[in-house]
Amino acid sequence: MVSNPFSMWRRAERRAARFLRTRGFRIAERNARIGRDEIDIVAVQGGVLVCVEVRFRRRDLAEAIESIDGPKARALRRAARAYARREGLATEPLRVDLVAVTLDHRRWRLVHLPAIVPV
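Throughout the sequence shown, residue numbering follows the working numbering, covering 41 to 159 in sequence.
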């Protein structure tokens with residue numbers, strides 16, 4: 041059975057949100073649109089606003105992690121700052137994290153990398 045890529049990405053995003061919850065994050069919003077940018081998951085952990093990018097790849101975890109290039113990092117930073125301003129949280133602690141997700145032979149693997157982009 042082959043699933044369409046968007047469906048698999050949505051499943052990966054749901055798993056990432058669940059994964060973060062089990063680690064003490066409170067999920068505030070998913071798929072937050074800020075102008076032309078989007079934040080996959082907005083969460084709070086210990087008083088810090090955390091904007092989370094979810095990257096899904098079928099097998100290669102390193103590829104998921106390395107897919108955050110310069111332009112993507114700038115977009116994540118811009119979106120995180122704009123979200124904080126929009127919500128009246130511009131002076132609060134802010135962080136951009138990555139959850140890399142892979143699915144290999146029906147086995148999900150998730151890795152959380154905090155503060156992947158300086159804000």
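A virtual CB, placed ideally from N, CA and C, is assigned to each residue, including glycine.
The model shown is predicted, which means the values in this text are computed figures rather than measured ones.
Going along the chain, which residues of its own chain have a beta-carbon closer than 7 Å to the beta-carbon of residue i, five neighbours each way excluded?
i, result
"ARG61", "ILE67"
What do you reckon, are the CB atoms on residue i and residue j nearer than 7 Å?
i, j, result
"VAL90", "LEU116", "no"
"GLU53", "ASP77", "no"
"VAL82", "VAL139", "no"
"ARG135", "VAL88", "yes"
"ARG97", "THR142", "yes"
Out of the options, point me to the one whose CA is closest to residue i's CA.
i, options, result
"ARG73", "ALA122, GLY87, LYS112 and GLY64", "ALA122"
"MET48", "ARG99, VAL88 and GLY75", "ARG99"
"ARG147", "LEU101, GLY64, ALA113 and GLU127", "LEU101"
Looking only at its chain, what residues have a beta carbon closer than 6 Å to the beta carbon of residue i, apart from the 5 residues adjacent to it on each side?
i, result
"SER107", "ARG95"
"ALA119", "ILE74, ASP77 and ILE79"
"LEU153", "LEU138"
"ILE105", "ALA140"
"ASP144", "ARG99"
Which word fits residue i, buried or exposed, when buried means at least 16 other C-beta atoms lie within 10 angstroms of its C-beta?
i, result
"THR131", "exposed"
"ALA56", "buried"
Once you ignore the five residues that flank residue i on each side, which residues in its own chain have a CB closer than 8 Å to its CB?
i, result
"PRO133", "GLY87, VAL88 and LEU89"
"ALA155", "ARG135, VAL136 and ASP137"
Below 6 Å, is the gap between the Cβ of residue i and the nearest heavy atom of the ligand ZN?
i, result
"SER47", "The ligand ZN is not part of this structure, which contains no ligands at all."
With a floor of 3 residues, list each beta strand (DSSP E) that falls wholly inside the region 91-144, ordered by position along the chain.
134-144
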